[in-house]
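One structure is given here, and the rest of the page talks about it.
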Amino acid sequence: MSLDEEDSAPDPPVEPVEFLLRHFPSDPGEYDFTKKYPRSSIFHPRKSDTDGLSLNREGPRYVSAEQLRQSSENPRIREYGRVLAILAGAITALNLTIEIKPGTNPGHVIVPEISITIYNRSDQDKKVIKELKDKLVRLAATEPPQLVIRIHPTPRPVGS
Amino acid sequence: MGGTVVTVNEVRSLPSEFAAGSLSDVATGQPCDAVEDTMWAKAQQQVNAISLMEAGWDGDGAPVISDFICRSSGLLLRTLRKQGSVAPNDIYPTPDAHIIVEWQLPDDVIVRIEVDGLWEGEKMVSYPSAPSEFERITWRPLRVRIQYTTDGVRENPYCLTPNSVDVVRRVSHNQHKSRKSSDEFQLAA
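Here it is as structure tokens:
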């Protein structure tokens with residue numbers, strides 16, 4: 001297989017050990033690394049998440065956390081925002097699905113159970129998604145740290 | 161307006177060592193009252209900062225957080241503080257233009273109040289290994305700013321939706337005539 005053929009080949013299935021990325025704003029203020037759990041709003045479906053929660057596969061073939069951050073249309077996210085990386089296997093362990101869905105960035109996938117369409121359907125659906133968001137942020141407390149969830153970029157060391 | 165008046169029992173029923181004013185802060189040596197004051201002030205500043213965020217703040221077309229959601233959040237903070245709650249750990253907006261006030265408590269209990277309407281919201285208490293509990297809650301102003309006009313009494317514009325009529329006391333015409341415009345009026349309990 002030539003390099004060109006490899007580039008145009010469909011993305012392989014997502015492996016449980018892969019990390020999936022989602023950028024988010026830190027506004028207002030700075031991301032608080034002292035908090036045990038990240039903000040649940042990171043997993044809240046956004047306007048364009050009509051068919052599922054958008055994530056991007058991390059890796060040389062796809063994107064890096066920094067590339068994803070820099071791809072945001074919002075300059076404040078490019079400068080001050082963060083990117084959450086979550087282990088794909090931890091998502092499927094919650095009985096959620098990861099579907100490959102080509103998008104703007106390479107390696108785009110969705111979690112169809114967390115879409116804005118479902119969220120806006122009924123109060124009961126809202127509660128289900130809020131519960132899922134809660135379960136996802138709670139993965140941040142898995143030991144050892146950063147095994148399942150990590151945040152990019154990490155704070156600069158004091159004095160640097 | 162449905163639901164119950166806000167009480168954050170999970171916050172208020174914390175062990176005594178978490179109660180405001182019962183300890184000195186380990187890092188600063190300041191009495192907890194001072195620490196709590198700072199934390200509440202920071203919480204209000206956070207709401208103020210949210211109110212200034214521009215449309216598209218999430219990078220995906222999120223609307224600005226409306227003035228009444230911000231004001232409702234501010235009133236919620238004042239109400240909780242008055243009730244003896246500890247200050248929240250974080251306050252942040254959601255892409256659907258609501259505000260979440262969040263406490264990360266011991267034993268991995270997380271309390272979130274999502275302010276989604278005028279003086280109302282949903283309290284979600286989540287546990288590490290049990291289903292979350294949801295409750296609609298409302299809160300109300302203890303003082304409202306009354307505006308007097310030639311055609312009678314107009315309460316604070318934030319009191320004028322049908323849902324909120326029951327939470328403000330009608331002011332008699334005589335009271336109205338004896339007061340100046342924009343006077344503050346203490347509501348009966």
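Protein sequences, first through last, are from chains E and C.
So that you can map any letter, position 105 of the first sequence is 105 in my numbering, and since no number is skipped, the others follow by simple counting.
So that you can map any letter, position 184 of the second sequence is 344 in my numbering, and since no number is skipped, the others follow by simple counting.
All C-beta atoms in this analysis are idealised placements derived from N, C-alpha and C, irrespective of residue type, glycine included.
| Asked | Found |
| --- | --- |
| Skipping 5 residues on each side, what residues in its chain have a beta carbon closer than 6 Å to that of I129 of chain E? | I114 and Y119 |
| Hey, would you say K36 of chain E sits closer than 8 Å to Q264 of chain C, going by beta carbons? | yes |
| Find the residues of chain C that neighbour E206 of chain E, judging by a C-beta separation of less than 8 Å, and give them in chain order. | The structure shown does not extend to residue 206 of chain E, since chain E spans only 1 to 160, so no value can be given for it. |
| Would Q206 of chain C pass as a contact of G59 of chain E if the rule is Cβ separation under 8 Å? | no |
| Is it the case that the Cβ atoms of E18 of chain E and S292 of chain C are separated by a distance below 8 Å? | no |
| On the CB-based measure, 16 or more other CB atoms within 10 Å of its CB, does K43 of chain E come out buried or exposed? | Note that residue 43 of chain E is Phe in the sequence shown here, rather than Lys. When all chains shown are included, F43 of chain E counts as buried. |
| Just list the residues that DSSP pairs R82 of chain E with in beta bridges. | E:F24 |
| Please confirm whether N74 of chain E has its beta-carbon closer than 8 Å to some beta-carbon of chain C. | yes |
| Under 8 Å, CB to CB, which of the residues in the segment 52-85 of chain E have a partner in chain C? | S72, E73, N74, R76, I77 and G81 |
| I want to verify the contact list: residues of chain E whose CB lies under 9 Å from the CB of R231 of chain C, in sequence order. | Within chain E, no residue comes near R231 of chain C; the closest Cβ sits about 17 Å away, beyond 9 Å. |
| Quick check on R231 of chain C: does DSSP put it in helix, strand or coil? | helix |
| With H, G and I counted as helix, E and B as strand and the rest as coil, what does DSSP make of R76 of chain E? | helix |
| By DSSP, does P253 of chain C sit in helix, in strand, or in coil? | strand |
| Does any CB atom of chain C fall closer than 8 Å to the CB of G103 of chain E? | no |
| For L84 of chain E, count the other beta carbons within 10 Å of its own beta carbon; 16 or more makes it buried, fewer makes it exposed. Which is it? | buried |
| Rounded to whole angstroms, what's the CA-CA distance from K101 of chain E to V63 of chain E? Just pull it up for me. | 15 Å |
| Would a C-beta distance cut-off of 8 Å place A203 of chain C and A257 of chain C closer than the cut-off? | no |
| What residue does the alpha helix (DSSP H) around A140 of chain E start on, and which one ends it? | Unbroken run through A140 of chain E: none, as it is neither H nor E. |
| If you draw a straight line from the alpha carbon of V275 of chain C to that of I259 of chain C, how long is it in whole angstroms? | 5 Å |
| Any beta carbon of chain E sitting closer than 8 Å to that of P248 of chain C? | no |
| For R61 of chain E, report the span of its beta strand (DSSP E) as first-last. | Looking at the DSSP string, R61 of chain E is not in any beta strand (DSSP E), and its letter there is neither H nor E. |
| For L320 of chain C, I'd like the list of residues in its chain whose CB is within less than 6 Å of its CB, leaving aside the five on either flank, ordered along the chain. | In this prediction, L320 of chain C scores a pLDDT of 34, lower than 50, which makes its location untrustworthy; the coordinate-derived value is nonetheless stated afterwards. The answer is none, since no qualifying residue turns up. |
| What does A222 of chain C touch in chain E if you count any residue whose Cβ is under 8 Å from its own? | R46 and K47 |
| Give me the Cα-Cα distance between T198 of chain C and S122 of chain E, rounded to the nearest whole angstrom. | 39 Å |
| Express the C-alpha separation of R39 of chain E and D268 of chain C in angstroms, rounding to a whole number. | 14 Å |
| Check whether chain E comes within 8 Å of P253 of chain C, counting only Cβ atoms and requiring the distance to be less than that. | yes |
| Check D276 of chain C in the structure and name its three-state DSSP category. | strand |
| What residue range is occupied by the uninterrupted alpha helix (DSSP H) comprising D117 of chain E? | With the sequence shown as reference, residue 117 of chain E is identified as Thr, and Asp is not the correct amino acid for it. I116 to Y119 is the span of the alpha helix (DSSP H), which, as asked, contains T117 of chain E. |
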